[in-house]
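Residue numbers (the working numbering): 23 to 527. Idealized CB from N, CA, C, for every residue including glycine. None of the values given here were measured: they were computed from a predicted structure.
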């Protein structure tokens with residue numbers, strides 16, 4: 023989904039208005055809106071239609087409301103971009119858009135940019151929105167209809183994708199307006215080439231599939247960079263197919279561009295529809311992995327009841343920069359929920375135990391992240407499944423974890439590097455990435471640590487298929503990892519524990 027805000031050369035964030043007209047006027051006076059056509063479409067589309075039922079919040083510097091020049095939450099862990107960011111994107115694309123043009127918006131989120139673009143392409147044009155989150159697709163269709171448009175909800179394969187839907191009910195005349203659930207990294211290859219492409223989420227490099235879908239003479243606008251620093255870039259494809267790239271903004275902040283079904287450790291092709299799996303229930307239960315409880319016991323100083331556990335053939339690796347850490351043995355921690363509970367009464371930070379910043383990768387439905395947050399630590403849970411992380415938030419609420427201590431990020435771990443800095447613990451739970459991507463992720467884990475921090479990894483070991491046999495397909499061979507491989511990928515850290523565990527099945 024979309025989500026951006028930034029300085030805009032020092033002129034943005036000061037353009038809020040009490041009405042849509044006043045907002046656009048302020049953007050024009052600040053010279054952010056410069057083109058008459060952009061001004062007209064932003065006046066014609068009321069931003070208020072795309073921010074209904076949102077509670078207004080007050081900040082020290084500005085008030086949130088439909089016409090505030092600030093990014094605002096639209097649910098599902100994403101935001102609608104600040105108006106000045108939308109204006110910058112439209113200004114960059116205006117010269118390649120005209121009557122009959124074709125435009126693709128990747129990460130279409132609330133749908134507001136689709137409405138703006140519809141007015142720019144006019145009669146005979148086509149506007150296509152691709153959004154990875156199904157609930158946002160439904161909500162954006164409702165938003166567009168409220169604003170007077172009648173979009174098509176196309177399926178991922180492009181069924182009905184060529185049916186016009188503008189008509190007299192849509193401002194600006196008969197352009198086709200299509201909204202579909204899909205993978206932004208893939209775009210909409212079944213719909214041909216586009217004069218313009220806008221991407222509302224950041225990537226480290228332009229997705230190759232989107233570059234291929236750009237017409238000669240076309241232009242793409244997207245944020246490029248890292249988690250901590252991004253800038254909006256303009257990418258032009260010449261008539262001969264040559265590509266040129268240049269930044270057109272100051273610092274901005276977007277959510278990462280995620281794949282609809284991230285690579286994982288399931289069937290023979292290495293992919294599982296995790297959203298579908300997590301909808302059916304608690305795929306792996308609601309209690310933490312034994313090895314996470316062991317980390318709490320051995321390294322964080324908590325009292326843990328010990329009972330026998332079981333699991334698969336796995337590689338466990340605890341690595342960190344602190345020489346004071348203890349070497350631990352195979353995890354045998356009990357579950358932590360219910361009356362029994364894994365932890366003693368001494369649960370919260372205190373008595374010399376500070377609250378730590380924990381980043382948990384491949385978190386699924388949140389059982390490990392919620393466990394650590396319940397101990398008083400600040401935890402960010404990252405996974406490719408929005409359904410899984412919604413359940414994680416429910417579990418956190420059930421365990422009375424304060425919202426301020428628990429954050430979720432829907433992201434493909436291929437793109438979620440570099441990681442946020444200043445982590446005390448980075449936890450990687452059966453991510454099962456291909457070897458090159460895994461090495462890149464683990465190197466990023468090292469860079470993300472504070473001095474004395476720790477990386478904790480559990481992964482499928484080389485003998486996993488032998489031990490588990492027909493019980494589970496497991497990941498392909500290039501996603502199995504040994505202790506020695508992990509040690510090489512965590513260069514610069516002291517290996518505190520490293521063992522391949524053949525647990526009792």
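Span separating the alpha-carbon of residue i from that of residue j
i	j	result
residue 156	residue 476	36 Å
residue 130	residue 222	7 Å
residue 137	residue 447	43 Å
residue 48	residue 268	27 Å
residue 452	residue 422	27 Å
residue 415	residue 315	20 Å
residue 413	residue 429	12 Å
residue 395	residue 144	51 Å
residue 213	residue 173	16 Å
residue 426	residue 387	19 Å
residue 505	residue 312	19 Å
residue 507	residue 478	14 Å
residue 263	residue 238	6 Å
residue 53	residue 280	33 Å
residue 150	residue 117	19 Å
residue 135	residue 102	10 Å
residue 46	residue 236	30 Å
residue 513	residue 93	38 Å
residue 515	residue 471	10 Å
residue 230	residue 88	35 Å
residue 266	residue 115	15 Å
residue 215	residue 142	18 Å
residue 474	residue 208	40 Å
residue 431	residue 133	21 Å
residue 6	residue 62	Residue 6 cannot be examined here, being either before or after the span of the chain that is shown, 23 to 527.
residue 252	residue 275	6 Å
residue 128	residue 206	5 Å
residue 402	residue 391	7 Å
Three-state secondary structure assigned by DSSP to residue i
i	result
residue 141	helix
residue 248	coil
residue 255	strand
residue 279	coil
residue 124	strand
residue 347	Since pLDDT at residue 347 reaches only 29, below the 50 mark, its modelled position is unreliable, and the value read off the structure follows with that caveat. DSSP places residue 347 in coil when its eight states are reduced to three.
residue 452	coil
residue 512	coil
residue 72	helix
residue 221	strand
residue 352	Legend: pLDDT at residue 352 = 27, less than 50; position of this residue unreliable, no value from coordinates given.
residue 38	coil
residue 134	helix
residue 428	strand
residue 459	helix
residue 396	helix
residue 421	coil
residue 157	helix
residue 266	strand
residue 468	helix
residue 301	helix
residue 171	coil
residue 238	strand
residue 503	coil
residue 272	strand
residue 404	strand
Residue nearest to residue i in terms of C-alpha spacing, selected from the options
i	options	result
residue 41	65, 57, 54	65
residue 67	97, 139, 125	139
residue 162	97, 104, 125	97
residue 233	226, 224, 219	219
residue 123	231, 277, 147, 39	147
residue 393	152, 307, 264, 457	307
residue 217	411, 272, 126	126
residue 408	484, 102, 311, 434	434
residue 389	473, 424, 304, 457	304
residue 226	44, 462, 509	462
residue 90	99, 100, 106	106
residue 377	322, 128, 120	322
residue 158	198, 99, 104	99
Residue-level contact to chain D via CB, residue i, 7 Å cutoff
i	result
residue 460	Considering every chain present, this structure includes no chain D. It has just one protein chain.
Check your understanding: Does the stretch 160 to 172 come close enough to the stretch 58 to 76 that 3 or more CB-CB pairs lie under 8 Å?
Key -> yes
Review point. Is the stretch 234 to 247 touching the stretch 255 to 268, taking contact as three or more C-beta pairs under 8 Å?
Key: yes
Review point. Are the stretch 201 to 218 and the stretch 98 to 111 touching, with three or more C-beta to C-beta distances below 8 Å?
Key: no
Practice item. Decide if the stretch 299 to 306 is in contact with the stretch 376 to 384; the criterion is three or more beta carbon pairs, one per stretch, under 8 Å apart. Key: no
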